[in-house]
Each structure stands twice: as C-alpha cells, then as structure tokens.
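Undergrad:
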C-alpha cells in the first residue's frame, strides 16, 4: 500500500512534467529537452525564496532573472512597438522586476507566496527559452532543433550549478507550513481514539500520518500531492477544452497554416503553450522537493527523461495519455522498489517504455496515423 | 476592392506566379479558372500572406497588404476557405466555427452570425457536437465555408469548393455561394469546374502556368473558343 501511494506521488510528478513535453510536441513537433530543467528551476526558485540567500547568490539569480524577464517582456512588446523602443522598455522593465526579485531571494518569504511566484518565474523561463532557442529554428530541420534543445538543457543545468552549487539541497523543515509537512515515521502518531474523533479532512490539514487501515499510514503530504496533481490536470483539461486560448492551441496543433488563416497568432499561442507547460513543470518540481527533500541540478535531467518516457508511453502529443503514462511509470518504479530492485527503478521505467514501443508503437491513446 | 498588380511569387527558386494582375470589385463574384499547377491556389495564398510575394503589389481596400503577416490580412476582412477543407478534424463542428470567429470581439454579432450560418447550413446545427473529421465530404465543405463566413469577411476566397463532391452537392454548394454573395460578401472563386464557376461568376480570369492568359466577363468566357475547348470540353 505504501508503495502504491508513493508510486502515485511520483507518478503525479512525472505526469505533470510529461504533459509539458507532450503539449510542446503536439504544437511544434519538438521534444523540448530543456523541460526537465524547467522543473528543476521551479524547485530551486522556491528554495531561494523561502531561505535567506546570500547577497552574492541573490545577485546571481537576479542577473539570470533579468535575462529571463527582459526576453519575456520583449516578446510581448515587439508586436506593438518597433524593435528599438521595445528593447529599451524590456530592459527597463526587466531590471525593475529582477531588482525586485533580488529582495525576494535575499529575504525569506512565506512558502505559498514562493510557490506562486516560482510558477510565474518558471513560465517566463519557458517562454524565454522558446523565443531565443526554438523560434529561430521553427522551419529548420528537426535535428537542428533537437540539438538546440539538448544544448539548452545543458546550459540551464550549469546555470543552476553555478548559482546553487552541485550539492544536494532540501527545503528546510521549519519553513514549510505544517499542513504539508511530513511527519517522520518515528514522529508522533495519533492514537486510535483520537483518530476516530477527527475527520479525514482535519487530519489532512494537521499534516499527520493518516491511518488507512490496519498498520497502513499515509502522510498527508502525499495525499495532498496526489489531489493537487489531479486538480491541476482537471484545470488543464478545462483550459484546453473550454477557453478560447485552449481551443486555439488545439487548432494550432492540428494545422498551423489554417489556424493562421483564421487570424490566430500562432507564435503567440506557442508562447502560451510553453508558459502553461512550464508552470506545471514548476509545480511538479516543488512537490517533488517537498516529498523527497532532494534538490540538485541534475534532478531535472533524471525526472525529465522518465517523464519523456511517460509522454511516449501515452502517445506523444496526447495530453490524457501523458497523464496516464506518468502514473503508470511512477507505479512501475515503486513496484520495482518493492520487489527489491530499488537500484533499478530507472531501468524498469525504460523497460516499460520499450515494451510499449514494441507492442503498441502509437502509445496507449495514440492514433495510428500515416505520416 | 482587391487588386493584384504584377505579382510574382516563388517556392524556393521556382517562380510560380509570373506577374499576375487581378482586380476584384466590391460585390462581385470573380472566378479564377485553370488547370492543375497553373498557380490558382498560390494566388490565394499570396493574397493571404501564406506565400510571400516576391515582386509586385497587392492592395486591399486601398491598403498595401503584400508584406503584412497573415493575421493582419485576416483582420482586414479577407477570409480563405482552403483547398481540401483543412478543417480542425479533432474539434467539434461548433469549435471549428468558433475558430472562425477567433479574431472578433463583438459577442452579440457572433451569436447572430452563428444563427445565420446555421440557417444557411441546417445540417451543421444538427451536428454541432460532432467531431469535424466524422462529417461526410459535403458536410465538411459546408463547414469549411461556414467557418470562413464566421470571420465576417468583406472578401471570401474559395479554393476548389466542389472538389471531391457528388454533382448534386456541387449544385447545392454553388447555390449557397450565390446566396452568400447576394447577402453582400465579395467572392473570389478558384475552380477546376470551370463551367459551374463561370455560370455563377460576374467575371473570370483564366490562368496558365503562372500567368493570366485571358480575362473577360464570365458570360463571354463561356462562349470563348479556347475556354470551351480547354476547360469546358466542348468543341
């Protein structure tokens, strides 16, 4: 039971990342290998904001943010103004915003606020990556774009290493709100008597281990992670099917030329796709940081590759497929750990992917289409 | 309303449009006929900015549009119903129509136009929740035209609306085109079915390998020896 729950937790994170891969692939036919790094930055931004970061490090991050904000603002202004004024405006705006973030990083801010801001920063990061690395290569051969994506991934990994160093970090326990704090196994358990008096929801909010049955306890954090993952996916589904932008995304994914004949600004829609995918990647990164107390510059690479496998498993370009694929791989990994293959969990994930590619090349929900 | 003067277009280095001049006046139906590969579709794509204009000028409503991006051209009121329908297959009929009105902000008007479109094509109302890819060929063509109308265009560019349709449906589609024109939309019609096209058009242009070789009133073109021989199959 414990393994299933941690499988679902892990799977939720994979699913959130996999959706980012699959959305981008669906719309521009490119595997965005830098997406894992986006997830990593999501986790690190929260870290930098909730702890008091040194002046030098804060300055470094803000410098990075200046680039990101500057590009993002320029991206939106260039349609309205001529290049030079929009460049100037984005410099001013970028400096202002990154100056503001300098203080955010320097001091310690509440976790929830950091969570939200990190999503925004990460979305900007995603949009900036698309603009500088992928847009110039829109009509280039796929291989060129793919190599650029890998290059982008390496650059971001090393930026993180430069800023935060290679060693593993963790969110300090005392800075995480008690609601989502994990109790250690040796920590205080509620007695059966107390348990029976409290509602399930109360227990969830108290951040204790919750007894499911017998000797099975689940930390409320894991339940929250699973619930949050599902909630985000429902929201995403609504965005894609009910809003104008979501429908335009689907239209662009199916036929960009015709979409532009409808007056849809395809570049703008691609930008939004990156923003949404990156925001979700950030959520996955933060949740993962909470659950496993483990931030490192290579975390994005590791999770990213598995999530990519999940996206392929579900049929790349297919959003529900990516979600299911993520959960399947998460479960497969934790089952592997359960039967004593904990050293092999990544191998198991790939084995499952390869099995699927051999048996069902289009993925779970993929359609057989001739190209 | 629309005027192309000496427009050249290229795919890579190959010259596809070799200096064509076409005029469309407000309220007209103008037919553009010619064989496969004559450059008819490219002409429409050049107007919409999908294909870049190498040399020459395209003016619409006294505005130079040959260097504008597609989205801007569409905003000015040109809508294209592309060859082979090009529907968003995995979206419903209603969603396809909504994509047509993507650029518009006038919610009330959009609602009215939607009703209006359903009046012209009742079958689309019956199938509004169905995926576009599951419609029959004729229904798909209707949806493509309806989607174009939802853009509330001043000028509607129709590319091969009769392609792959049964003769009875072809008649129906052309009746509808005439009706749309009567309601005030100017139409530039590209067709291989020259007889049908010329029978509803005011004027016509005949294209051959990237050039306009003939232009006249549709009525005269129907009687023209060369047109009759080459495009109508009547000796």
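Chains as they are written, first to last, in the working numbering: chain X, 1 to 371; chain R, 1001 to 1235.
Cβ coordinates follow ideal geometry from the N, Cα and C atoms, glycine included.
#1: When the Cβ atoms of the region 311-320 of chain X are set against those of the region 347-364 of chain X, are three or more pairs found closer than 8 Å?
#2: From the beta carbon of residue 262 (chain X), is the nearest beta carbon of chain R less than 7 Å away?
#3: Show which residues of chain R have a CB atom less than 8 Å away from the CB atom of residue 247 (chain X).
#4: For residue 126 (chain X) versus residue 33 (chain X), is the C-beta spacing smaller than 7 Å?
#5: Cβ of residue 1053 (chain R) less than 7 Å from any chain X Cβ?
#6: Under 7 Å Cβ-Cβ, which residues of chain R neighbour residue 307 (chain X)?
#7: Please check the pair residue 1009 (chain R) and residue 1075 (chain R), which I expect to be a contact at CB under 8 Å, by giving their CB distance rounded to whole angstroms.
#8: Is the beta carbon of residue 304 (chain X) closer than 7 Å to that of residue 36 (chain X)?
#9: Would you identify the three-state DSSP class for residue 193 (chain X), choosing helix, strand or coil?
#10: Counting beta carbon pairs with one atom in the region 38-51 of chain X and one in the region 349-356 of chain X, are three or more of them shorter than 8 Å?
#11: Hey, residue 1056 (chain R) and residue 1002 (chain R) are a contact pair by Cβ (cut 8 Å); roughly how many whole angstroms apart?
#12: Counting contacts by CB-CB distance shorter than 7 Å, is residue 1102 (chain R) in contact with chain X?
#13: Within 7 Å (strictly less), CB to CB, does residue 78 (chain X) reach chain R?
#14: Could you check how far apart the C-beta atoms of residue 1189 (chain R) and residue 1030 (chain R) are, in whole angstroms? I think they sit under 8 Å.
#15: CA-CA distance, residue 189 (chain X) and residue 228 (chain X)?
#16: Just verifying my parser: in three-state terms, what is the DSSP assignment at residue 1223 (chain R)?
#17: Which residues in chain X have a C-beta closer than 9 Å to the C-beta of residue 1024 (chain R)? List them in chain order.
#18: Relative to the alpha-carbon of residue 102 (chain X), which residue among X:124, X:85, X:91, X:54 has its alpha-carbon at the smallest distance?
#19: So residue 1207 (chain R) is in the beta strand (DSSP E); what residue range does that whole segment cover?
#20: Between the C-alpha atoms of residue 1174 (chain R) and residue 1119 (chain R), what's the straight-line distance to the nearest angstrom?
#21: Could you give the first and the last residue of the continuous beta strand (DSSP E) run that contains residue 1031 (chain R)?
#22: Report the three-state DSSP secondary structure of residue 1236 (chain R) (helix, strand or coil).
#23: Taking 7 Å as the CB-CB cut-off, is residue 370 (chain X) touching chain R?
#24: Within 7 Å (strictly less), CB to CB, does residue 1080 (chain R) reach chain X?
#25: Residue 1060 (chain R) bridges to which residues according to DSSP?
#26: What do you get for residue 115 (chain X), buried or exposed, if any count of 16 or more other CB atoms within 10 angstroms of its CB means buried?
#27: Identify whether residue 1187 (chain R) lies in helix, strand or coil by the three-state DSSP scheme.
#28: Would residue 17 (chain X) and residue 307 (chain X) be called neighbours here (beta carbons separated by less than 7 Å)?
#29: Name the two residues that bound the continuous alpha helix (DSSP H) containing residue 130 (chain X).
#30: Kindly list the residues whose CB is nearer than 8 Å to the CB of residue 260 (chain X), restricted to its own chain and excluding five residues on each side of it in sequence; keep chain order.
#31: Kindly indicate which three-state DSSP category residue 6 (chain X) falls into: helix, strand or coil?
#32: Per DSSP, which one or two residues make a beta bridge with residue 1211 (chain R)?
#33: Starting from the beta carbon of residue 1151 (chain R), find every residue of chain X whose beta carbon is closer than 8 Å, and list them in chain order.
#34: What in chain X is Cβ-close to residue 1086 (chain R), meaning under 7 Å?
#35: Any Cβ of chain R within less than 7 Å of the Cβ of residue 376 (chain X)?
#36: Could you tell me whether the Cβ atoms of residue 280 (chain X) and residue 19 (chain X) are closer together than 7 Å?
TA: Here's the rundown:
#1: Short answer: they touch.
#2: Here residue 262 (chain X) refers to the residue found at position 262 of the first chain. Closer than 7 Å to some Cβ of chain R, the Cβ of residue 262 (chain X) qualifies, so yes.
#3: What you label residue 247 (chain X) is simply residue 247 of the first chain in a count that begins at 1. Under the 8 Å cutoff, chain R gives 1091, 1095, 1098, 1099.
#4: Along the first chain, one-based indexing puts residue 126 (chain X) at 126. Along the first chain, one-based indexing puts residue 33 (chain X) at 33. No. Outside cutoff.
#5: Position 53 of the second chain, counted from the start, is the residue given in the question as residue 1053 (chain R). Not an interface residue.
#6: Residue 307 (chain X) sits at position 307 when you count from the first residue of the first chain. Neighbours of residue 307 (chain X) on chain R: none; closest Cβ ~24 Å, over 7 Å.
#7: Taking the second chain and counting its residues from 1, one reaches residue 1009 (chain R) at position 9. Taking the second chain and counting its residues from 1, one reaches residue 1075 (chain R) at position 75. With a Cβ gap of about 22 Å, residue 1009 (chain R) and residue 1075 (chain R) do not count as contacting.
#8: Taking the first residue of the first chain as 1, we reach residue 36 (chain X) at position 36. Taking the first residue of the first chain as 1, we reach residue 304 (chain X) at position 304. In contact: residue 36 (chain X) and residue 304 (chain X) (Cβ atoms closer than 7 Å).
#9: Here residue 193 (chain X) is taken as the residue at index 193 of the first chain, counted from 1. Confidence at residue 193 (chain X) is low in this model, with a pLDDT of 45, below 50, so its placement is unreliable and the value that follows should be read with caution. In this structure, residue 193 (chain X) counts as helix in the three-state DSSP scheme.
#10: Because the criterion of three Cβ pairs below 8 Å is not met, the region 349-356 of chain X and the region 38-51 of chain X do not touch.
#11: Here residue 1056 (chain R) refers to the residue found at position 56 when the second chain is read from its first residue. Here residue 1002 (chain R) refers to the residue found at position 2 when the second chain is read from its first residue. At roughly 13 Å, the Cβ-Cβ gap does not stay under 8 Å, so residue 1056 (chain R) and residue 1002 (chain R) are not in contact.
#12: By 1-based counting over the second chain, the position of residue 1102 (chain R) is 102. By this cut-off, residue 1102 (chain R) is an interface position.
#13: By one-based count along the first chain, residue 78 (chain X) stands at place 78. Judged by the 7 Å Cβ criterion, residue 78 (chain X) is not in contact with chain R.
#14: Indexing the second chain from 1 puts residue 1189 (chain R) at position 189. Indexing the second chain from 1 puts residue 1030 (chain R) at position 30. Right, their Cβ atoms sit about 7 Å apart.
#15: Translated into the one-based positions of the first chain, residue 189 (chain X) becomes position 189. Translated into the one-based positions of the first chain, residue 228 (chain X) becomes position 228. At residue 189 (chain X), the pLDDT of 45 sits below 50, so the modelled position is not reliable; the number obtained from the coordinates is stated separately. If you draw a straight line from the Cα of residue 189 (chain X) to the Cα of residue 228 (chain X), it comes to about 24 Å.
#16: Here residue 1223 (chain R) refers to the residue found at position 223 when the second chain is read from its first residue. Residue 1223 (chain R) falls in the helix class under three-state DSSP.
#17: Here residue 1024 (chain R) refers to the residue found at position 24 when the second chain is read from its first residue. Within chain X, no residue comes near residue 1024 (chain R); the closest Cβ sits about 18 Å away, beyond 9 Å.
#18: What you label residue 102 (chain X) is simply residue 102 of the first chain in a count that begins at 1. The candidate whose alpha carbon is nearest that of residue 102 (chain X) is X:54.
#19: Locating residue 1207 (chain R) in the second chain gives position 207, counting from the first residue. 1203-1208 is the span of the beta strand (DSSP E), which, as asked, contains residue 1207 (chain R).
#20: For the purposes of this step, residue 1174 (chain R) is taken as residue 174 along the second chain, with counting starting at 1. For the purposes of this step, residue 1119 (chain R) is taken as residue 119 along the second chain, with counting starting at 1. Spanning the two alpha carbons is a distance of roughly 16 Å.
#21: By 1-based counting over the second chain, the position of residue 1031 (chain R) is 31. Start and end: 1029-1034.
#22: Only positions 1001 to 1235 of chain R appear in this structure, which leaves residue 1236 (chain R) out of reach.
#23: Translated into the one-based positions of the first chain, residue 370 (chain X) becomes position 370. Since pLDDT at residue 370 (chain X) reaches only 42, below the 50 mark, its modelled position is unreliable, and no value is offered.
#24: Within the second chain, residue 1080 (chain R) is the residue found at index 80, counting from 1. The Cβ of residue 1080 (chain R) sits closer than 7 Å to at least one Cβ of chain X.
#25: As a first step, residue 1060 (chain R) is located in the second chain; it is residue number 60 there, counting from the start. Answer by DSSP bridge pairing, in chain order: R:1002, R:1063.
#26: Against the first chain, residue 115 (chain X) aligns to sequence position 115. That one is buried.
#27: What you label residue 1187 (chain R) is simply residue 187 of the second chain in a count that begins at 1. Three-state DSSP puts residue 1187 (chain R) in a strand.
#28: Taking the first residue of the first chain as 1, we reach residue 17 (chain X) at position 17. Taking the first residue of the first chain as 1, we reach residue 307 (chain X) at position 307. Judged by their CB atoms, residue 17 (chain X) and residue 307 (chain X) are nearer to each other than the 7 Å cut-off.
#29: Translated into positions along the first chain, residue 130 (chain X) becomes position 130. Going by DSSP, residue 130 (chain X) is part of no alpha helix (DSSP H) at all; its letter is neither H nor E.
#30: Position 260 of the first chain, counted from the first residue, corresponds to residue 260 (chain X). Residues 266 of the same chain have their beta carbon placed closer than 8 Å to that of residue 260 (chain X), with the five preceding and five following residues left out of the count.
#31: Here the question's residue 6 (chain X) lines up with position 6 in the first chain. Here residue 6 (chain X) carries a helix assignment [DSSP, helix/strand/coil].
#32: For the purposes of this step, residue 1211 (chain R) is taken as residue 211 along the second chain, with counting starting at 1. In DSSP, residue 1211 (chain R) forms a bridge with R:1208.
#33: Here the question's residue 1151 (chain R) lines up with position 151 in the second chain. Within 8 Å Cβ-Cβ: 262, 263.
#34: Position 86 of the second chain, counting from 1, holds the residue named residue 1086 (chain R). Within 7 Å Cβ-Cβ: 255, 258.
#35: Since the first and last residues shown for chain X are 1 and 371, residue 376 (chain X) lies out of range.
#36: By one-based count along the first chain, residue 280 (chain X) stands at place 280. By one-based count along the first chain, residue 19 (chain X) stands at place 19. Against a cut-off of 7 Å, the Cβ pair of residue 19 (chain X) and residue 280 (chain X) comes out as a contact.
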